[in-house]
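A.B. asks: These protein sequence lines are chains X and V, in that order.
Numbered according to the working numbering, the first sequence spans residues 1 to 325.
Numbered according to the working numbering, the second sequence spans residues 1001 to 1259.
The beta carbon of each residue, even a glycine, is placed where N, CA and C say it ideally should be.
Sharing a structure below in structure tokens format, with a few things to ask.
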Amino acid sequence: MSHVLVLVEVANGALDSSTPELLAAAAVLGDPAAVLVTEPGEADAFVVELGELGAAVVFTASLAGVDSMLVTPQVAALHAAVTASGDVRAVIVGNSPDGREAGARLAIRIDGAYQGDVVGIEADNASGGVAVTQQAFGGSYTVTAGTGRGIPVISLRPHSIDGRAPAAAGIVTEIDIAGDTTACAEISATHEQKQASERPSLQGADIVVSGGRGLGSKEKFVLVEQLADSLGAAVGASRAAVDAGYCDHNLQVGQTGVTVSPNLYIALGISGAIQHRAGMQSAKTIIAINKDPDSPIFEVADFGVVGDLFTVVPQLIDAVNARRG
Amino acid sequence: MKIAVLVKEVPDTWGDRAIDPVTKRVDRGGDMVIDEINEKAVEAALLVKEAHSGSDVTVVTMGPKSALDAIRKSLAMGADRGIHIIDDGLRGSDAVQTSAALAAALKGRDFDLVIAGNESTDGRTAAVPAMLAERLGVAQLTFLRTLAVSGDTVTGERVTPDGHVDVRATLPALVSVTEQIAEARYPNFRGILSAKKKPVEVLAIADLALAAGDTGGDNAWSVVADVTARPARTGGTIITDDGTGGTQLAEFLASAKLI
Ligand SMILES: Cc1cc2nc3c(=O)[nH]c(=O)nc-3n(C[C@H](O)[C@H](O)[C@H](O)COP(=O)(O)OP(=O)(O)OC[C@H]3O[C@@H](n4cnc5c(N)ncnc54)[C@H](O)[C@@H]3O)c2cc1C
Ligand SMILES: Nc1ncnc2c1ncn2[C@@H]1O[C@H](COP(=O)(O)O)[C@@H](O)[C@H]1O
């Protein structure tokens, strides 16, 4: 079978949480082959785990200083792996900026196709090609696309593929990227947010509770977090809430933020502007609490409460906690 | 410093955006506007220009006739000149092809800094900037929420899924900006008047020396096979809080087995 390359991202000494799903997606199309880029001596720690997650082959590239180089070592490693394999059906990368950009550059380098933010992957066995599913305009359209020319390079949105790949041999093949002289930006420092809690991440959460400008202040935004915690939900926000500094910008849901499609989406003090809806309208069930009965959020809500969120939400939290016992 | 800004005309996000079921391409019949992220990219370029006397800002777009409005708006904000890539043969380009045309237009012009938006609101591929860096062979500093140029060094904060990283490179470089970069200025009356007199160079496929067999939707690397519209959501139950709104909501969630 042909190889399907997967770019593996590593941070803080661990495989990125996207890794199992990327390898599962690869297994849909062929033999998963992980591509791992590390500082010298650090690859071994991951090889066994990658095999267990389904990698038949692990292409390892190590180079002193890679951790402070932006994207180009990953492009060089993917390119070298395509050459070393000789038979690659597709390349799959994660949906992070690093993953997407390595994929986009690789497509140019190998004269391949690029398909971003993919939510479904299928083998098109008649043509030997790959068919992907994407969403356009915030889930208003579902698009299926194939490859016209070249090897497809695909970035996969988290929580798109069910199941896991069967464990495989994880045979190591070293590849050399020392000769790569591509102009590169240097990462001079890394700043990670303190993870405030055990809350699930926004993109894959089953339940999302989002707050808007209606929360009124950073202090009062805590109410959103309290409801989220009583439901075991992720916290999201509108752009107006982010711009007002109520919470961090990477919680923004919508057109220019994260797209979510949870089982349950609860919008608190959010008017439901079209750009916000673009990021959440494919949720299975939508709940809205807003004091303005004419808010457009009610047009997409399965259940809405017209009222003051500062009285409705505490009552809801009590009722939820009471049911939990 | 010579700066290029890449701007794109997109369907207004405030309107009903559609995909044409026949051509399977974005319906450009509705209101088209310069993408908000590109106004911010122009702003970022103007801030660099203002900090470095003798700088010159060129706005570059690939798009149909109407895309000239995006150039004019950028010129009214304060950019100095425009390049409009326009050719029927470019219709239906994918990101690979768009980046090829933009790279061909930029090559040989000695730009120190190329500034793009991180992600367009219609395509949302966030691929064109990285592809351009690859084609131009310059360092990429993308997804920046801050940007500074000092001497021949460009620095900024790149947004990551769980925070940010500080990045730096030597010019020439390609930058893409996120929506936190800056609020775009409004063009003033003088700006709008002078925009009409600023030069706009028009380039077609022949000027870019692109191979005819590589351009346009018929030759695309990525091919849309099928497009289906999702049925519109219908409204549900809306109640007005009478003092039991929270409890009723909890009952709804329980009956739907959501709690
Ligand atoms: C190109 C572009 C991209 C954009 N991208 C995004 C995006 O990704 N995400 C996004 O969210 N927006 C985005 N926007 C912005 C969007 O247009 C809206 O401005 C934004 O979503 C409004 O946020 P909001 O609903 O919190 O604020 P508002 O529209 O101000 O709504 C606040 C709501 O709170 C209600 N309220 C106030 N007090 C209470 C109370 N005590 N109890 C109950 N209800 C109360 C009010 O009735 C009101 O409906 C984008 C805009 C553009 C042009
Ligand atoms: N047709 C185009 N003309 C000019 N710039 C473009 C074009 N398409 C994309 N870009 C630039 O690339 C950025 C990211 O777009 P995209 O890769 O489509 O998400 C945009 O914000 C623009 O700066």
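Residues of chain X with CB under 9 Å from Asp-1089(V), in chain order?
C.D. replies: Note on identity: in this sequence residue 1089(V) is Gly, with Asp being the wrong assignment. Simply none; closest approach about 16 Å.
A.B. asks: Can you grab the Cα-Cα spacing for the pair Thr-259(X) / Ile-286(X), in whole Å?
C.D. replies: Each residue's alpha carbon lies about 14 Å from the other.
A.B. asks: Quick check on Leu-1193(V): buried or exposed, where buried means 16 or more other Cβ atoms within 10 Å of its Cβ?
C.D. replies: exposed
A.B. asks: Can you find a heavy atom of ligand 2 that lies under 7 Å from the Cβ of Thr-256(X)?
C.D. replies: Not so, every heavy atom of ligand 2 lies at least 7 Å from the Cβ.
A.B. asks: With a threshold of 8 Å between beta-carbons, can Ala-1211(V) be considered close to chain X, or not?
C.D. replies: no
A.B. asks: Grouping DSSP H, G and I as helix and E and B as strand, with all else coil, what is Leu-1087(V)?
C.D. replies: The sequence shown places Asp at residue 1087(V), not Leu. The DSSP-derived three-state label of Asp-1087(V) is coil.
A.B. asks: Look at the alpha carbon of Ser-238(X) and the alpha carbon of Gly-272(X), and state the distance between them as a whole number of angstroms.
C.D. replies: 9 Å
A.B. asks: Measure from the C-beta of Ile-1259(V) to each C-beta in chain X and report whether the shortest distance is under 8 Å.
C.D. replies: Residue contact check for Ile-1259(V) against chain X: a CB pair falls below 8 Å.
A.B. asks: Determine, for Asp-302(X), whether the minimum Cβ-Cβ distance to residues of chain V falls below 8 Å.
C.D. replies: yes
A.B. asks: Taking contact to mean 3 or more Cβ pairs, one atom from each stretch, closer than 8 Å, check whether the segment 210-229 of chain X and the segment 150-169 of chain X are in contact.
C.D. replies: no
A.B. asks: Beta carbon of Pro-32(X), beta carbon of Ala-90(X): below 8 Å?
C.D. replies: no
A.B. asks: In terms of residue numbering, what span does the alpha helix (DSSP H) encompassing Thr-311(X) cover?
C.D. replies: 309-324
A.B. asks: Please go through the same chain and pick out, in chain order, the residues whose beta-carbon is closer than 7 Å to the beta-carbon of Glu-174(X), but skip the five residues on each side of it.
C.D. replies: Thr-60, listed in sequence order.
A.B. asks: Using C-beta distances below 6 Å, list every residue in its chain close to Val-320(X), excluding the 5 sequence neighbours before and after it, in chain order.
C.D. replies: Ser-230
A.B. asks: Are the C-beta atoms of Asn-250(X) and some chain V residue less than 8 Å apart?
C.D. replies: Closer than 8 Å: yes.
A.B. asks: Is the CB of Asp-1056(V) under 8 Å away from at least one CB in chain X?
C.D. replies: For Asp-1056(V), the answer is no, since every Cβ of chain X falls outside 8 Å of its Cβ.
A.B. asks: From Thr-1240(V) to Ile-266(X), what does the alpha carbon distance come to, in whole angstroms?
C.D. replies: Thr-1240(V) and Ile-266(X): Cα-Cα distance of roughly 17 Å.
A.B. asks: For a cutoff of 8 Å on Cβ pairs, would you count Pro-200(X) as touching chain A?
C.D. replies: Protein chains X and V are contained in the structure displayed, whereas chain A is not.
A.B. asks: Mind reading off the beta-carbon distance from Gly-1156(V) to Val-1167(V)? Whole number of angstroms is fine, and I expect it under 8 Å.
C.D. replies: 6 Å
A.B. asks: Go through its chain and collect everything with a Cβ distance to Asp-1020(V)'s Cβ below 7 Å, but skip five positions before and after it.
C.D. replies: Asp-1027
A.B. asks: Taking 8 Å as the threshold (beta carbon to beta carbon), is Gly-13(X) in contact with chain V?
C.D. replies: no
A.B. asks: So is Asn-1118(V) buried or exposed if we call it buried at 16+ other beta carbons inside 10 Å?
C.D. replies: It counts as buried.
A.B. asks: Is Ser-1099(V) close to chain X, meaning its C-beta is less than 8 Å from at least one C-beta of that chain?
C.D. replies: yes
A.B. asks: For Gly-99(X), I'd like the list of residues in its chain whose CB is within less than 8 Å of its CB, leaving aside the five on either flank, ordered along the chain.
C.D. replies: Leu-7, Glu-9, Ser-18, Val-93 and Ser-155
A.B. asks: At a cut-off of 7 Å, would you count Glu-1039(V) as near ligand 2, judging by its Cβ distance to the nearest heavy atom?
C.D. replies: no
A.B. asks: Quick check on Gln-193(X): buried or exposed, where buried means 16 or more other Cβ atoms within 10 Å of its Cβ?
C.D. replies: exposed
A.B. asks: Pick helix, strand or coil for Met-1032(V), following the three-state DSSP scheme.
C.D. replies: strand
A.B. asks: Enumerate in chain order the residues of its own chain whose CB-to-CB distance from Leu-50(X) is below 8 Å, with the five nearest sequence positions on each side excluded.
C.D. replies: Val-8, Leu-15, Thr-19, Leu-23, Ala-34, Leu-36, Val-58 and Gly-170
A.B. asks: If you drop the 5 nearest sequence neighbours on each side, which residues of the same chain put their C-beta closer than 6 Å to that of Gly-204(X)?
C.D. replies: Pro-158 and His-159
A.B. asks: On the DSSP letters alone, give me the boundaries of the alpha helix (DSSP H) that Val-1128(V) sits inside.
C.D. replies: 1128-1136
A.B. asks: Note down, in chain order, all residues in the segment 81-101 of chain X with a beta-carbon under 7 Å from any beta-carbon belonging to chain V.
C.D. replies: Correct list: Ser-96, Pro-97, Arg-100 and Glu-101.
A.B. asks: With the cut-off set at 8 Å, would you say Ala-234(X) and Arg-199(X) are in Cβ contact?
C.D. replies: yes
A.B. asks: Compute the beta-carbon to beta-carbon distance between Gly-279(X) and Gly-257(X), rounded to the nearest angstrom, for a pair I have assumed lies under 8 Å.
C.D. replies: 6 Å
A.B. asks: Between which residues of its own chain and Ala-104(X) is the CB-CB distance below 7 Å, once the five residues before and five after are set aside?
C.D. replies: Tyr-114
A.B. asks: Measuring only between beta-carbons, confirm whether Leu-215(X) sits less than 8 Å from chain V.
C.D. replies: no
A.B. asks: Starting from Lys-1073(V), trace the alpha helix (DSSP H) both ways and give me its first and last residue.
C.D. replies: Taken as a continuous stretch (DSSP letters only), the alpha helix (DSSP H) holding Lys-1073(V) covers 1068-1077.
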